[in-house]
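Working notes, beginning with the structure itself.
In this note's numbering, the protein residues as written are 5 to 301.
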(Lines of atoms letter the chains of each structure in order from A and count residues from 1; the text may use other names and numbers.)
(Lines give C-alpha, C1' and ligand atoms only; values in the text may rest on other atoms or scores of the structure.)
Protein backbone atom coordinates (compact mmCIF):
# COMPACT_ATOMS: atom_id res chain seq x y z
CA UNK A 1 0.00 0.00 0.00
CA UNK A 2 2.86 2.38 0.84
CA UNK A 3 4.17 2.01 -2.73
CA UNK A 4 0.79 3.06 -4.13
CA UNK A 5 0.58 5.97 -1.71
CA UNK A 6 4.02 7.18 -2.81
CA UNK A 7 2.97 6.86 -6.45
CA UNK A 8 -0.20 8.86 -5.83
CA UNK A 9 1.84 11.50 -4.02
CA UNK A 10 4.27 11.73 -6.96
CA UNK A 11 1.35 12.02 -9.38
CA UNK A 12 -0.08 14.84 -7.28
CA UNK A 13 3.24 16.70 -7.29
CA UNK A 14 3.59 16.29 -11.07
CA UNK A 15 0.10 17.72 -11.52
CA UNK A 16 1.16 20.72 -9.43
CA UNK A 17 4.19 21.25 -11.67
CA UNK A 18 1.93 21.13 -14.73
CA UNK A 19 -0.51 23.66 -13.29
CA UNK A 20 2.23 26.21 -12.59
CA UNK A 21 1.81 29.15 -12.00
CA UNK A 22 -1.59 28.37 -10.49
CA UNK A 23 -0.51 25.72 -7.98
CA UNK A 24 -0.50 26.79 -4.30
CA UNK A 25 2.63 24.65 -3.85
CA UNK A 26 4.63 26.79 -6.26
CA UNK A 27 6.53 29.83 -5.06
CA UNK A 28 5.96 32.85 -7.29
CA UNK A 29 9.05 34.74 -6.17
CA UNK A 30 11.64 34.18 -8.89
CA UNK A 31 11.49 30.37 -8.71
CA UNK A 32 9.16 27.66 -9.93
CA UNK A 33 10.18 24.80 -7.64
CA UNK A 34 7.66 22.90 -5.58
CA UNK A 35 8.02 23.53 -1.88
CA UNK A 36 8.32 19.95 -0.57
CA UNK A 37 9.81 18.21 2.42
CA UNK A 38 13.14 16.57 1.62
CA UNK A 39 11.73 13.02 1.52
CA UNK A 40 9.11 13.95 -1.08
CA UNK A 41 11.57 16.09 -3.02
CA UNK A 42 13.99 13.16 -3.22
CA UNK A 43 11.24 10.79 -4.44
CA UNK A 44 10.33 13.31 -7.12
CA UNK A 45 13.98 13.68 -8.18
CA UNK A 46 14.35 9.90 -8.47
CA UNK A 47 11.15 9.66 -10.52
CA UNK A 48 12.28 12.28 -13.02
CA UNK A 49 15.75 10.72 -13.18
CA UNK A 50 14.19 7.35 -14.05
CA UNK A 51 12.06 9.05 -16.70
CA UNK A 52 15.16 10.73 -18.16
CA UNK A 53 13.71 14.22 -17.90
CA UNK A 54 13.49 17.13 -15.48
CA UNK A 55 10.52 19.13 -14.10
CA UNK A 56 11.32 22.05 -16.42
CA UNK A 57 10.46 19.81 -19.39
CA UNK A 58 6.87 19.23 -18.22
CA UNK A 59 4.29 21.06 -20.33
CA UNK A 60 2.57 23.59 -18.10
CA UNK A 61 -0.51 25.74 -18.35
CA UNK A 62 0.01 29.00 -20.24
CA UNK A 63 0.01 32.16 -18.15
CA UNK A 64 -3.40 33.02 -19.58
CA UNK A 65 -5.28 29.73 -20.15
CA UNK A 66 -7.99 29.75 -22.80
CA UNK A 67 -11.09 27.57 -22.59
CA UNK A 68 -13.11 29.18 -25.38
CA UNK A 69 -14.36 26.39 -27.69
CA UNK A 70 -14.97 28.99 -30.43
CA UNK A 71 -11.36 30.13 -30.54
CA UNK A 72 -10.97 29.15 -34.20
CA UNK A 73 -12.67 27.22 -36.99
CA UNK A 74 -12.17 23.47 -36.63
CA UNK A 75 -13.61 21.32 -39.41
CA UNK A 76 -14.15 17.68 -38.47
CA UNK A 77 -17.22 16.51 -40.43
CA UNK A 78 -18.04 19.47 -42.62
CA UNK A 79 -16.83 18.35 -46.05
CA UNK A 80 -17.48 15.40 -48.33
CA UNK A 81 -13.95 13.99 -48.18
CA UNK A 82 -14.29 13.69 -44.37
CA UNK A 83 -17.25 11.29 -44.64
CA UNK A 84 -16.69 7.62 -43.80
CA UNK A 85 -18.99 6.67 -46.67
CA UNK A 86 -16.76 8.12 -49.38
CA UNK A 87 -14.47 5.59 -51.14
CA UNK A 88 -10.77 5.97 -50.36
CA UNK A 89 -10.04 6.17 -54.08
CA UNK A 90 -11.72 9.57 -54.43
CA UNK A 91 -10.80 11.17 -51.08
CA UNK A 92 -7.75 12.95 -52.50
CA UNK A 93 -9.73 14.41 -55.42
CA UNK A 94 -12.54 15.52 -53.11
CA UNK A 95 -9.99 17.10 -50.76
CA UNK A 96 -8.42 19.09 -53.60
CA UNK A 97 -11.82 20.38 -54.68
CA UNK A 98 -12.58 21.40 -51.09
CA UNK A 99 -9.35 23.40 -50.79
CA UNK A 100 -9.90 25.15 -54.12
CA UNK A 101 -13.46 26.10 -53.24
CA UNK A 102 -13.32 26.98 -49.54
CA UNK A 103 -9.67 27.80 -48.75
CA UNK A 104 -8.18 29.18 -51.99
CA UNK A 105 -6.16 31.94 -50.29
CA UNK A 106 -5.08 30.15 -47.11
CA UNK A 107 -1.48 29.27 -46.35
CA UNK A 108 -1.51 25.49 -45.94
CA UNK A 109 0.46 23.64 -43.26
CA UNK A 110 0.33 19.88 -42.68
CA UNK A 111 1.39 18.25 -39.41
CA UNK A 112 1.74 14.74 -38.05
CA UNK A 113 2.89 12.85 -34.98
CA UNK A 114 4.36 9.37 -34.97
CA UNK A 115 5.19 6.75 -32.35
CA UNK A 116 7.13 3.53 -32.90
CA UNK A 117 9.26 1.19 -30.79
CA UNK A 118 12.27 3.35 -31.72
CA UNK A 119 11.09 6.97 -31.70
CA UNK A 120 8.26 9.32 -30.88
CA UNK A 121 8.36 12.22 -33.31
CA UNK A 122 6.59 15.20 -34.85
CA UNK A 123 6.74 16.79 -38.28
CA UNK A 124 5.25 19.63 -40.27
CA UNK A 125 5.56 21.19 -43.69
CA UNK A 126 4.39 24.04 -45.88
CA UNK A 127 5.25 24.85 -49.47
CA UNK A 128 8.20 26.88 -48.14
CA UNK A 129 9.71 24.96 -45.26
CA UNK A 130 9.48 21.74 -43.25
CA UNK A 131 10.64 20.32 -39.92
CA UNK A 132 10.88 17.05 -38.00
CA UNK A 133 11.89 16.44 -34.39
CA UNK A 134 12.18 13.60 -31.95
CA UNK A 135 10.27 14.09 -28.70
CA UNK A 136 10.34 12.27 -25.37
CA UNK A 137 9.31 8.61 -25.91
CA UNK A 138 6.80 8.72 -23.04
CA UNK A 139 4.66 11.19 -24.97
CA UNK A 140 1.52 9.65 -26.46
CA UNK A 141 0.52 9.92 -30.11
CA UNK A 142 -2.14 12.42 -29.01
CA UNK A 143 0.50 14.64 -27.38
CA UNK A 144 2.75 14.28 -30.42
CA UNK A 145 -0.02 15.36 -32.79
CA UNK A 146 -0.79 18.47 -30.73
CA UNK A 147 2.89 19.34 -30.26
CA UNK A 148 3.32 19.11 -34.03
CA UNK A 149 0.62 21.75 -34.52
CA UNK A 150 2.18 23.96 -31.82
CA UNK A 151 5.59 23.70 -33.46
CA UNK A 152 4.11 24.41 -36.88
CA UNK A 153 2.60 27.67 -35.62
CA UNK A 154 6.03 28.65 -34.30
CA UNK A 155 8.12 27.63 -37.31
CA UNK A 156 5.95 27.54 -40.42
CA UNK A 157 3.22 30.15 -40.08
CA UNK A 158 3.57 33.32 -42.16
CA UNK A 159 2.19 36.67 -40.96
CA UNK A 160 0.60 37.85 -44.19
CA UNK A 161 -2.01 35.12 -44.73
CA UNK A 162 -4.67 33.19 -42.88
CA UNK A 163 -3.49 29.72 -41.93
CA UNK A 164 -5.07 26.34 -42.69
CA UNK A 165 -3.55 23.48 -40.68
CA UNK A 166 -4.16 19.90 -41.80
CA UNK A 167 -4.06 17.09 -39.23
CA UNK A 168 -5.14 13.46 -39.32
CA UNK A 169 -5.66 13.38 -35.54
CA UNK A 170 -9.41 13.53 -35.00
CA UNK A 171 -8.95 13.23 -31.23
CA UNK A 172 -6.56 16.19 -31.07
CA UNK A 173 -8.78 18.51 -33.08
CA UNK A 174 -11.90 17.32 -31.25
CA UNK A 175 -10.21 18.02 -27.90
CA UNK A 176 -9.34 21.54 -29.03
CA UNK A 177 -12.87 22.09 -30.33
CA UNK A 178 -14.29 21.06 -26.93
CA UNK A 179 -11.62 22.69 -24.79
CA UNK A 180 -12.21 23.36 -21.09
CA UNK A 181 -9.94 24.42 -18.25
CA UNK A 182 -9.49 20.71 -17.49
CA UNK A 183 -8.25 19.85 -20.99
CA UNK A 184 -4.71 18.45 -21.36
CA UNK A 185 -2.03 21.09 -20.83
CA UNK A 186 -0.72 20.67 -24.37
CA UNK A 187 -4.21 21.55 -25.69
CA UNK A 188 -4.19 24.64 -23.46
CA UNK A 189 -0.80 25.59 -24.91
CA UNK A 190 -2.08 25.20 -28.46
CA UNK A 191 -5.14 27.32 -27.69
CA UNK A 192 -2.88 30.03 -26.28
CA UNK A 193 -0.77 30.07 -29.44
CA UNK A 194 -3.86 30.34 -31.62
CA UNK A 195 -5.17 33.16 -29.43
CA UNK A 196 -1.94 35.10 -29.96
CA UNK A 197 -2.29 34.75 -33.73
CA UNK A 198 -5.93 35.78 -33.55
CA UNK A 199 -5.03 38.88 -31.54
CA UNK A 200 -2.80 39.89 -34.48
CA UNK A 201 -5.81 39.63 -36.82
CA UNK A 202 -4.64 36.33 -38.28
CA UNK A 203 -7.23 33.58 -38.59
CA UNK A 204 -6.25 29.98 -37.90
CA UNK A 205 -8.39 27.14 -39.25
CA UNK A 206 -7.84 23.45 -38.57
CA UNK A 207 -9.02 20.77 -40.96
CA UNK A 208 -9.18 17.06 -40.21
CA UNK A 209 -7.99 14.85 -43.07
CA UNK A 210 -8.26 11.04 -43.16
CA UNK A 211 -4.86 9.42 -42.74
CA UNK A 212 -3.32 7.21 -45.42
CA UNK A 213 -5.87 8.28 -48.00
CA UNK A 214 -3.57 9.56 -50.70
CA UNK A 215 -3.70 13.23 -49.67
CA UNK A 216 -0.24 14.55 -50.56
CA UNK A 217 0.12 16.93 -47.63
CA UNK A 218 -0.73 14.29 -45.06
CA UNK A 219 1.37 11.58 -46.68
CA UNK A 220 4.40 13.88 -46.76
CA UNK A 221 4.00 14.90 -43.11
CA UNK A 222 3.60 11.25 -42.12
CA UNK A 223 6.75 10.33 -44.03
CA UNK A 224 8.76 13.15 -42.41
CA UNK A 225 7.69 12.09 -38.92
CA UNK A 226 8.70 8.48 -39.54
CA UNK A 227 12.10 9.32 -41.05
CA UNK A 228 13.65 10.65 -37.83
CA UNK A 229 16.95 9.18 -36.66
CA UNK A 230 19.24 9.50 -33.64
CA UNK A 231 20.75 12.60 -35.25
CA UNK A 232 17.36 14.35 -35.58
CA UNK A 233 16.97 17.32 -33.23
CA UNK A 234 15.23 16.51 -29.94
CA UNK A 235 12.50 18.56 -28.25
CA UNK A 236 12.36 17.85 -24.53
CA UNK A 237 8.72 18.71 -23.79
CA UNK A 238 6.73 15.98 -22.06
CA UNK A 239 3.06 15.91 -21.05
CA UNK A 240 2.24 15.41 -17.38
CA UNK A 241 -0.74 13.28 -18.38
CA UNK A 242 1.61 10.87 -20.18
CA UNK A 243 4.00 10.73 -17.21
CA UNK A 244 1.12 9.86 -14.89
CA UNK A 245 -0.22 7.26 -17.31
CA UNK A 246 3.23 5.65 -17.42
CA UNK A 247 3.49 5.60 -13.62
CA UNK A 248 0.10 3.90 -13.37
CA UNK A 249 1.13 1.24 -15.89
CA UNK A 250 4.35 0.63 -13.97
CA UNK A 251 2.42 0.28 -10.72
CA UNK A 252 -0.03 -2.23 -12.24
CA UNK A 253 2.86 -4.22 -13.75
CA UNK A 254 4.71 -4.32 -10.41
CA UNK A 255 1.54 -5.54 -8.68
CA UNK A 256 1.06 -8.27 -11.30
CA UNK A 257 4.71 -9.35 -11.06
CA UNK A 258 4.59 -9.50 -7.26
CA UNK A 259 1.41 -11.57 -7.39
CA UNK A 260 2.86 -14.04 -9.90
CA UNK A 261 5.88 -14.56 -7.63
CA UNK A 262 3.71 -15.11 -4.56
CA UNK A 263 2.36 -18.39 -3.18
CA UNK A 264 -1.18 -17.21 -3.94
CA UNK A 265 -0.64 -17.43 -7.69
CA UNK A 266 -0.12 -21.19 -7.44
CA UNK A 267 -3.25 -21.51 -5.30
CA UNK A 268 -5.60 -19.18 -7.19
CA UNK A 269 -4.14 -18.72 -10.65
CA UNK A 270 -4.45 -15.59 -12.76
CA UNK A 271 -6.95 -13.07 -11.43
CA UNK A 272 -8.50 -10.49 -13.82
CA UNK A 273 -7.47 -7.00 -12.81
CA UNK A 274 -9.97 -4.35 -11.78
CA UNK A 275 -9.91 -2.86 -15.28
CA UNK A 276 -11.16 -6.16 -16.71
CA UNK A 277 -13.73 -6.58 -13.96
CA UNK A 278 -15.05 -3.04 -14.38
CA UNK A 279 -16.03 -3.85 -17.96
CA UNK A 280 -18.57 -6.34 -16.62
CA UNK A 281 -20.36 -3.98 -14.26
CA UNK A 282 -20.31 -0.41 -13.02
CA UNK A 283 -21.69 -1.42 -9.62
CA UNK A 284 -19.06 -1.42 -6.85
CA UNK A 285 -20.94 -3.99 -4.73
CA UNK A 286 -21.10 -6.35 -7.68
CA UNK A 287 -17.44 -5.63 -8.43
CA UNK A 288 -16.47 -6.81 -4.95
CA UNK A 289 -18.64 -9.93 -5.18
CA UNK A 290 -17.17 -10.86 -8.56
CA UNK A 291 -13.64 -10.31 -7.24
CA UNK A 292 -14.34 -12.56 -4.24
CA UNK A 293 -15.79 -15.29 -6.44
CA UNK A 294 -12.79 -15.17 -8.78
CA UNK A 295 -10.29 -15.25 -5.92
CA UNK A 296 -12.30 -17.96 -4.09
CA UNK A 297 -12.40 -15.96 -0.85
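Each residue gets a CB set at the ideal place from its N, CA and C atoms; glycine is no exception.
Name the DSSP bridge partner or partners of residue 168? Paired residue(s): 112 and 209.
In terms of residues, what are the limits of the alpha helix (DSSP H) holding residue 259? Counting along the chain, the alpha helix (DSSP H) containing residue 259 begins and ends at 244-265.
Based on the DSSP secondary-structure assignment, which residues constitute the bridge partners of residue 62? Partner(s): 242.
For residue 138 and residue 122, what's the separation of their Cα atoms in angstroms? 10 Å
Three or more C-beta pairs below 8 Å linking the segment 165-180 and the segment 208-215: Taking 8 Å as the limit for Cβ pairs, the verdict is that the segment 208-215 does touch the segment 165-180.
Hey, how far is the Cα of residue 48 from the Cα of residue 57? 11 Å
Can you give the Cα-Cα distance for residue 262 and residue 8, rounded to whole angstroms? 13 Å
Length of the line joining the Cα atoms of residue 108 and residue 100: Distance between the alpha carbons of residue 108 and residue 100 is about 10 Å.
Tell me where the beta strand (DSSP E) around residue 126 begins and ends. 124-129
Alpha carbon to alpha carbon, how far is residue 124 from residue 141? Give it in angstroms, no decimals. Approximately 5 Å, taken between the alpha carbons.
What is the DSSP secondary structure of residue 134, counted as helix, strand or coil? strand
Hey, how far is the Cα of residue 274 from the Cα of residue 128? 46 Å
What span of residues does the beta strand (DSSP E) with residue 77 cover, start to end? Per DSSP, residue 77 belongs to the beta strand (DSSP E) from 77-79.
Let me check one thing: in DSSP terms, what residues is residue 118 bridge-paired to? 125
Residue 14 classed as buried or exposed, judged by whether at least 16 other C-beta atoms fall within 10 angstroms: buried
Pick out whichever of 44, 242, 251 and 158 has its Cα sitting closest to the Cα of residue 310. Since the first residue of the chain shown is 5 and the last is 301, residue 310 is not available in this structure.
DSSP bridge partner residues for residue 139 (one or two, in chain order): 124 and 239
How would you call residue 63, buried or exposed, if buried means at least 16 neighbouring beta carbons within 10 angstroms? buried
Mapping DSSP to helix, strand and coil, what is residue 325? The question about residue 325 has no answer here: the residues shown for the chain are numbered 5 through 301.
Assumed close pair residue 65, residue 26 - CB separation to whole angstroms, cut-off 8 Å: Rounded, the Cβ-Cβ distance is 6 Å, consistent with contact.
Taking the alpha-carbon of residue 243 as reference, which of 86, 183, 195 and 147 has the nearest alpha-carbon? It is 147 whose Cα lies nearest to the Cα of residue 243.
Starting from the C-beta of residue 195, find all residues in its chain whose C-beta is less than 7 Å away, skip the five residues before and the five after it, and write them out in chain order. 70, 75, 180 and 183
Could you tell me the alpha carbon to alpha carbon distance between residue 192 and residue 260, rounded to whole angstroms? 35 Å
Distance, residue 152 Cα to residue 86 Cα: 21 Å
DSSP three-state label for residue 272, please. helix
Looking at the structure shown, is residue 161 part of a helix, part of a strand, or coil, going by DSSP? coil
Is it right to say residue 135 is buried, meaning 16 or more other beta carbons lie within 10 angstroms of its own, or is it exposed? buried
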